[in-house]
Amino acid sequence: MPNNIKQQIQADLQQAKETGQLRTERIREIVKSAVSQVGSEFKQGSTELRSLVRDAVSAVIENFQEKGSELKDEVTASIEGALEGINSKRHESIAQTQTDIKRLQAQLDGEEEELQQEIDVILAEIEDTGKQEPATTKTAIDSAVNAIKDSEEVGLLKKRYAQLQAQLAIVRANLAARYGGRSMEVQDYLDEAKHWYDKARPQAESMAVQVEQKRSQLEDQLGEAGTSLARKERQIKQTLRQLLLTAADLFKDKQPADKERDTIHK
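Put into structure tokens, the structure is as follows:
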């Protein structure tokens, strides 16, 4: 089979052409199928595997060489299909690792929540103790407890962490869509991005209008990405790229409270 992959691809292309189905999406699927079947025989990263990819792409180029400089779409489809074919096994491993990461993240969130609850109980007990103290002492205790509860630095760190996780999830969705991830894998990343985005989102009334507009745009694009993915459109890759750019632009903006604090510090 390895020696005949070009013949196999060309035969499948010819059959698709005869049935009027020779679109770029079909070219990608043909190359992906052929490469994934043969690629399983070789070690990842091996010379044989790289040669296999070159042969697969070459088969498409030879089939469409009469188009000359206008065969970019066909070549792109063949490269994408070849990459998806050789990476199919790796994506299964990546998907399993991602599942493990989510489980550990859920465990970490639970432990952090338990820690926060324990801290809240301790602070409440300190406040109760302060009720027996003179008024001036009680005021000082209440002020100290409230300062710890409302720590701006802790809140900012949590928000920035959530923003980073949301962006990373969108990056992973882009990589999965571009290099052969399954639809379910891409959707999982989109769901994860929305989860962290919701955690990073402050109350709407505290936002500047411009920031709120960008957040609304991000929400719309998250929804659009999921819809495009469900329809299995090729447009999903462009949608994900735009989503990543929107998220990067949004999360680099400072909230009004951040700007005010920076001004005070200056």
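Each residue of the sequence shown is one higher than the last, beginning at 1046 in our numbering.
Even for Gly, the Cβ is constructed at its ideal location relative to N, Cα and C.
Limits of the unbroken alpha helix (DSSP H) element including residue i
i       : result
Thr1291 : Ile1281 to Phe1296
Gly1155 : Lys1117 to Gly1175
Leu1094 : Thr1092 to Asn1108
Gln1232 : Ser1228 to Ala1245
Gly1084 : Thr1069 to Gly1084
Cβ-based neighbour list, residue i, same chain, cut-off 6 Å, excluding 5 preceding and 5 following
i       : result
Asp1165 : none
Asp1145 : none
Arg1073 : Ala1122, Glu1125 and Gly1126
Gln1210 : Trp1241
Three-state secondary structure assigned by DSSP to residue i
i       : result
Thr1182 : helix
Thr1064 : coil
Tyr1224 : coil
Cα-Cα separation between residue i and residue j, rounded to whole angstroms
i       : j       : result
Gln1208 : Lys1112 : 46 Å
Thr1291 : Tyr1242 : 12 Å
Gln1162 : Ile1124 : 52 Å
Met1229 : Asn1049 : 32 Å
Lys1194 : Asp1187 : 10 Å
Glu1198 : Val1231 : 33 Å
Arg1223 : Asp1236 : 18 Å
Ala1180 : Val1190 : 15 Å
Arg1071 : Ile1106 : 15 Å
8 Å Cβ shell around residue i - same chain, five flanking residues per side excluded
i       : result
Gln1287 : Gln1266
Ala1079 : Ile1050, Gln1053, Ile1054, Asp1057, Ala1101 and Gly1130
Own chain residues within Cβ distance below 7 Å of residue i, not counting five before or after
i       : result
Val1216 : Leu1289
Glu1305 : Any reading at Glu1305 must be qualified, since the residue scores a pLDDT of 41, below 50, and its modelled position is unreliable; no value is offered.
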